[in-house]
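In our numbering, the protein residues as written are 357 to 848. Positions of the beta carbon are idealized from the N, C-alpha and C atoms, including for glycine.
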Amino acid sequence: MKNVGRVSFFAVMLIVLLRIAIGWQLFYEGIWKIQTQKTAKPWTSAGYLKNSQGPLRGTFRNMAGDPDDLDWLDADKVIAKWEDWQTRFTTYYKLDKKQTTSLDRLLNGTSEIAVKLETLPDGIDLAATKRVDFGDDGKELPAKVPVVTYDAEKKQLKTSGQERIHPSERQKLIDPFTNRSPEVEGFIAAVDKLYEDSHNVFGDDRPEEFTATLLYDLPDKVDLAAVMVGSDDNKSPLLTYDAETKQLKMSGKFTMTTQQQSDLISPLTALSEEVQAYIDAVEDLYKRSSALSYKQRVRAQLNNQDAVGDKASQRLGEIEEYKSMVKEYERQLANAKTAYHYDHLAKLGSDLQAKRASLSGPIKALDSDLKSAATDLLTLDQLEKGSLPQPWDSLRVSDVMTIAGLTCLGLMLIIGLFTRFAAASAAFMLFSFYMAMPPLPGLPELPGPEHSLIVNKTLIEVFALAAIATLPSGMWFGLDSFIGWLRAGSTD
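Put into structure tokens, the structure is as follows:
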């Protein structure tokens, strides 16, 4: 039997180069992941863990915390997550009182919304905005306070910051000034007809006079004498009204101008400064009340029937459908044995991912918008502190251990420090990566251009590291030899 203790220089060199190459690959991967932590999209193992397959699928998926994004579809859990984030954000960046108030307003809204209004016009009934509720027995409950109120002392039009003014309530508030009577609408339509006719009929086709019939009487505010035509010594109204036939008449000699049309109609549509200020205040109040806080918005999207009506019922139905799809996928995965089963699973998995994205995507977008809006509140000095650290949940522990393991073990392999320990630890770490998505018989084929069965590149790297762990390569070339020399010197 040949002496295995005699290893050629060429073999030693290859083993050392293999160790350094694997170490560099691990070290660079760790450094890259560290650098991404400072970007808008830091690396995380969430996607890898969520898509885990094989005998340890449940273990790896649970490390992701919420593998099916079900927590994103529960308004209470999303809000609890935001409240925890708000506390950490406020503490980490040491927000001042103004910033804290602004952040709280983003998340919770305001208790009251008020707009300036000097006087409330006559004829306005704010009680029309009272909402009617019914008890469980179907009986009408006592009327609530009107949605919109007026504070005469502060000269403010107000509404609760936790309520939305409904479109129908807004319309009730401005209807007394914007809802025209049939007489007014009829007169405006008749004037518009005369304007069009006088511009569209030419030459011999032009009649002696243009007419437009009113369905109702002439409105009281109309003053036909306000628009006169003819020479200074022979002026007459542009339009005349025949009460018997209810017709507006205009001589065919004239063509109504845009200014004349406006002068005839404007007395019926013009609003006083007081009324216009009131309408502007109502519109401002309506707009501001529609700007929901982030908590209100997530409840509206997920489970608030009052906020979104039939769409809420539809969304709740889609969430229940998605939960059923998750259970069905897990059931079929547990029973899958043939290629046909896995092909069917792939289709179901694709549908599941699409449904997950359509449901959780808008909520994640809200989360992103909230954090972006909060970041805009920070000063330059606060921004220099960097991103807010993530909470220490199972996913962050996994991410930190992965990054630290890749970086430290890779560096130790490169410099040959505690080489056998580093190689064995790296082999164990890579084997855990392998077990997250092993190419074993009876499992779905992994995505990508490569095709493997049992053995893939990761497992080969595990075997290589295991071999390195059995050899004193650090003593051949590395800091292990220097440590050994120091120990030998101290012993002497």
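Just verifying my parser: in three-state terms, what is the DSSP assignment at E541? E541 falls in the helix class under three-state DSSP.
Applying the 10 Å Cβ sphere with the 16-neighbour rule, what's the burial state of T614? Exposed, since its Cβ has fewer than 16 Cβ neighbours within 10 Å.
Check whether the stretch 748-757 touches the stretch 675-688, counting contact only when three or more Cβ pairs, one atom from each stretch, lie closer than 8 Å. The stretch 748-757 is not in contact with the stretch 675-688.
For P502, which residues in the same chain have their Cβ closer than 6 Å to its Cβ, ignoring the five residues on either side in sequence? Counting only Cβ-Cβ distances below 6 Å, and skipping sequence neighbours, we find L482, A483, T485 and K486.
Within its chain, find whatever has a CB closer than 7 Å to the CB of D507; leave out the 5 residues flanking it on each side and keep chain order. Its chain contains K514 as the residues whose beta carbon lies nearer than 7 Å to that of D507, once the 5 sequence neighbours on both sides are disregarded; these appear in chain order.
For S808, three-class secondary structure by DSSP: Correct three-state label for S808: coil.
Is it buried or exposed for G665, if we count other Cβ within 10 angstroms and need 16 for buried? With a pLDDT of only 47 at G665, under 50, the local geometry of the prediction cannot be trusted, and no value is derived from it.
Taking only runs that begin and end inside the stretch 579-662, name each unbroken alpha helix (DSSP H) of 4 or more residues, in chain order. Listed in chain order, the alpha helix (DSSP H) runs fully inside the stretch 579-662 are 614-625, 629-646 and 650-658, counting runs of at least 4 residues.
May I ask which residues mark the beginning and end of the alpha helix (DSSP H) holding Q455? Segment K453 to N464, the alpha helix (DSSP H) holding Q455.
Bridge-paired residues (DSSP) for Y356: The requested residue 356 does not occur in the structure, where the chain is confined to residues 357 to 848.
Candidates V631, S408, I480 and P805: closest to T505 by CA position: Residue I480 holds the alpha-carbon nearest to the alpha-carbon of T505 among V631, S408, I480 and P805.
Close Cβ partners of V372 (< 7 Å) along its chain, the five nearest in sequence each way excluded: Only S829, W832 and F833 meet the Cβ criterion.
Give me, in chain order, the residues of the same chain whose beta-carbon lies closer than 8 Å to that of L704; leave out the 5 immediate sequence neighbours on both sides. Closer than 8 Å at the Cβ level, and outside the excluded window around L704, lie M681, E684, Y685 and Q688.
Quick check on this structure: which residue in G766, R752, A599 and I839 has the alpha carbon closest to the alpha carbon of G421? Closest option to G421, judged by alpha-carbon separation, among G766, R752, A599 and I839: R752.
Ordered along the chain, which non-local residues of its own chain (more than five positions away) have a Cβ less than 8 Å from that of Y448? If we look at Y448 and ignore the five residues flanking it on each side, its Cβ neighbours are K741, L744 and P745.
Determine the closest residue to F787 out of G772, I770 and L821, with distance taken between C-alpha atoms. Selection G772, I770 and L821 evaluated against F787 yields L821 as nearest (Cα-Cα).
DSSP state of L821, grouped into three classes? In the structure shown, L821 sits in a helix (DSSP, three-state: H, G or I).
Taking 8 Å as the threshold (C-beta atoms), are E552 and S607 in contact? No.
Can you tell me whether W388 is buried or exposed, with buried defined as 16 or more other CB within 10 angstroms of its CB? So W388 counts as exposed.
Look at the Cβ atom of L827, then the Cβ atom of Q455, and state whether they are nearer than 8 Å. Taking C-beta atoms as the reference points, L827 and Q455 fail to come closer than 8 Å.
Enclosing alpha helix (DSSP H) for S781 [first to last residue]: Segment T775 to A792, the alpha helix (DSSP H) holding S781.
Within a Cβ cutoff of 6 Å, which residues of the same chain sit near K358, ignoring the five residues on either side of it in sequence? For K358, the pLDDT reaches just 49, beneath the cut-off of 50, and the residue's location in the model is therefore unreliable, although a value from the coordinates is still provided. Cβ neighbours of K358 beyond the five flanking positions: none.
Cβ shell of V540 (< 7 Å), same chain only, five flanking positions each side left out: The beta carbon of V540 is closer than 7 Å to those of P575 and L624 in its chain, skipping five residues each way along the sequence.
Under a three-way DSSP split, which group does Y384 fall into? It is helical.
Beta-carbon proximity list for S646, same chain, < 8 Å, skipping 5 on both sides: Cβ neighbours of S646 beyond the five flanking positions: R520 and I521.
Kindly identify the DSSP beta-bridge partner or partners of T567. The partner list for T567 (beta bridge, DSSP) reads K605.
6 Å Cβ shell around V434 - same chain, five flanking residues per side excluded: Excluding sequence neighbours, V434 sits near V654.
What does the alpha-carbon distance come out to for the pair L620 and E600? Between L620 and E600, the C-alpha separation is close to 21 Å.
Terminal residues of the beta strand (DSSP E) in which D507 lies: From DSSP, the beta strand (DSSP E) with D507 extends over V504 to D507.
When the Cα of I771 is compared with those of W380, M369 and V363, which residue comes out closest? Among W380, M369 and V363, the Cα nearest to that of I771 belongs to W380.
Would you kindly work out how many angstroms separate the C-alpha atoms of A581 and Y642, rounded to a whole number? C-alpha of A581 to C-alpha of Y642: approximately 40 Å in a straight line.
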